[in-house]
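Novice: In this text, residue positions in the sequence shown follow this note's numbering: the first is 12, and each later residue adds one.
Note that beta-carbon positions come from the ideal geometry of N, C-alpha and C, so glycine has one too.
Computed from a prediction, not measured in an experiment: that's the story for all the values here.
Dropping a structure here in structure tokens format, bear with me for questions.
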Amino acid sequence: MVCELNIKVAHRAGNSFLKDAFLTPPFRIVPVGQYKKDKAAYLMIMSSSPGLLDGDTHNIEVDIAQGSKLQLQTQAYQRLFHMKGDSAQTMRVNLGQDATFSFVPHPVVPQNASSFRSHNIIHLQKNNHVLLSDIVTCGRKMSGESFQYHHFQSLTECFIEGKLVLKDNVLLQPDKMPIQGLGILEGYTHQGTLFYLNSAGVDVLSWIDKFHQQYGDREDLAFGISELQEKGFMVRVLGHGAEPMFDLFKDIQNQLWDALFLQ
């Protein structure tokens with residue numbers, strides 16, 4: 012089933028708001044920032060489906076007008092069910108000048124024989140801030156179902172004024188690669204990626220040092236952070252549980268949101 016979600020966020024009198032939305036089942040979009048005082052838009056993607064089924068395709072488009080600020084959220088973990096074929100999701104994000112976009116979705120749980128391809132395409136203009144993450148688990152670990160999925164791929168491409176500045180491709184195929192071997196997961200069961208990118212000329216070295224000091228010595232996670240060629244950084248995390256990663260990514264988001272995104 013092909014499912015569509017189109018969101019348009021606008022800015023008026025200092026406030027960002029949901030201007031328009033087009034969606035098909037099982038999607039819903041709900042404002043969740045009623046008690047916030049920062050005048051940004053907070054929207055939650057909700058779904059009446061428990062996850063992606065065989066043959067499902069999700070197409071998401073987000074347009075953020077000039078000067079608008081959007082923090083997108085999800086309702087729950089994204090489950091990928093048993094499949095004979097595959098499933099896919101494409102998300103396109105278009106930012107106007109001086110716009111901000113941040114999205115830390117819940118982790119993905121790929122179940123037995125599932126296949127999933129995700130493609131994120133983000134277009135930045137001048138003076139933008141973007142933060143995006145994803146976390147993939149080993150599957151239903153507590154049910155003894157670890158690494159029994161076929162294919163997980165998360166491809167992200169970011170463009171600044173039409174120029175490709177970031178391309179990241181996470182590809183995990185447990186039945187075709189030594190998934191817990193050296194250079195891949197190395198004994199861990201969960202993998203997370205977060206990146207922050209800006210076209211506002213904001214230097215990130217102090218943030219890289221700060222986050223390395225905060226998280227680099229954690230015993231429950233393997234944490235790495237590196238500078239991007241443009242103004243930004245990439246975080247990779249390995250661990251044995253999804254919640255610690257999710258909480259870490261939300262903490263990074265909150266720090267950047269308060270210090271940079273709301274300026």
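Leaving out five residues before and five after THR167 in sequence, what residues of the same chain have Cβ atoms less than 6 Å from its Cβ?
Specialist: Taken in chain order, the residues that qualify are ASN131, ASP179.
Novice: How would you write the range of the alpha helix (DSSP H) that PHE163 sits in, first residue to last?
Specialist: Careful: PHE163 lies outside any alpha helix (DSSP H), inside the beta strand (DSSP E) at 162-171.
Novice: Please report how far the alpha carbon of ILE195 lies from the alpha carbon of MET153, in whole angstroms.
Specialist: Each residue's alpha carbon lies about 22 Å from the other.
Novice: If I'm right that VAL20 touches ILE71 with Cβ under 8 Å, what's the distance once you round it to whole angstroms?
Specialist: Incorrect: roughly 13 Å between the Cβ atoms, too far for contact.
Novice: Given a cut-off of 7 Å on the beta-carbon distance, is the pair SER165 and SER129 in contact?
Specialist: Yes, the Cβ-Cβ distance between SER165 and SER129 is below 7 Å.
Novice: Considering only residues of the same chain and omitting the five flanking positions on each side of THR101, which have a CB-CB separation below 6 Å?
Specialist: If we look at THR101 and ignore the five residues flanking it on each side, its Cβ neighbours are ASN70, HIS130.
Novice: Can you give, in chain order, each stretch of the beta strand (DSSP E) that sits fully within the region 186-258 and has at least 3 residues?
Specialist: Qualifying beta strand (DSSP E) stretches, in chain order: 201-209, 232-238, 243-250.
Novice: Taking 6 Å as the cut-off, is the C-beta of ASP258 nearer than that to any heavy atom in the ligand HEM?
Specialist: In terms of ligand content, the structure shown is empty, and the ligand HEM therefore cannot be addressed.
Novice: Report the option in VAL176, GLN184, ASP228 whose CA atom is closest to the CA atom of PHE206.
Specialist: Closest by alpha carbon: VAL176.
Novice: Would you check if the region 104-118 and the region 137-144 touch, i.e. whether three or more CB-CB distances between them fall below 8 Å?
Specialist: Verdict: yes, contact present.
Novice: According to DSSP, is GLN315 helix, strand or coil?
Specialist: Given a span of 12 to 274 for the chain in the structure shown, any question on residue 315 remains unanswerable.
Novice: Measuring only the C-alpha atoms, how far is TRP268 from THR204?
Specialist: Taking the straight line from one Cα to the other gives about 18 Å.
Novice: Starting from MET57 and walking both ways along the beta strand (DSSP E), at which residues does that stretch end?
Specialist: 52-58 is the extent of the beta strand (DSSP E) around MET57.
Novice: If you run the structure through DSSP and keep just helix, strand and coil, what is SER113?
Specialist: Residue state, collapsed to three classes: strand.
Novice: Could you please give the first and the last residue of the uninterrupted beta strand (DSSP E) stretch that includes LYS10?
Specialist: Outside the displayed span of the chain (12 to 274) sits residue 10, for which this structure offers no information.
Novice: CA-CA distance, LEU34 and ILE18?
Specialist: Using only the alpha carbons, I get a separation of about 9 Å.
Novice: Mind checking whether MET94 and SER59 have CB atoms under 7 Å apart?
Specialist: The answer is no: Cβ separation not under 7 Å.
Novice: Pick from LYS261, ILE40, LEU64, LEU63: whose alpha carbon is nearest that of MET57?
Specialist: Measuring from the Cα of MET57, the nearest candidate turns out to be ILE40.
Novice: Hey, would you say CYS169 sits closer than 7 Å to ILE219, going by beta carbons?
Specialist: No, the Cβ-Cβ distance between CYS169 and ILE219 is not below 7 Å.
Novice: Under 7 Å Cβ to Cβ from TYR199, same chain only, skipping five residues before and after it: list those, please.
Specialist: For TYR199, where only same-chain residues beyond five positions count, the Cβ hits under 7 Å are ALA233, LEU249, GLY250, HIS251.
Novice: Taking the alpha carbon of PHE244 as the point to measure from, which residue in TYR160, ASN209, LYS47 has its own alpha carbon closest?
Specialist: Considering only alpha carbons, the answer is ASN209.
Novice: What are the boundary residues of the beta strand (DSSP E) that CYS14 is part of?
Specialist: That run of the beta strand (DSSP E) goes 13-23.
Novice: Buried or exposed for ASP186, please, with buried defined as at least 16 other CB atoms from any protein chain shown within 10 angstroms of its CB.
Specialist: With fewer than 16 other Cβ atoms within 10 Å, it is exposed.
Novice: Quick one, which of LEU91, LEU63, GLY44, GLY66 has its alpha-carbon nearest GLN84's?
Specialist: Comparing Cα-Cα distances from GLN84 to each of LEU91, LEU63, GLY44, GLY66, the minimum goes to GLY44.
Novice: State the DSSP-derived secondary structure class of ALA99, mapped to helix, strand or coil.
Specialist: It is a strand residue.
Novice: List the residues that DSSP assigns as beta-bridge partners of GLY275.
Specialist: Shown here, the chain extends from 12 to 274; a query on residue 275 therefore has no answer.
Novice: Between LEU135 and LEU106, which are expected to be in contact by the criterion C-beta below 8 Å, what is the C-beta distance as a whole number of angstroms?
Specialist: That pair is a contact at about 5 Å.
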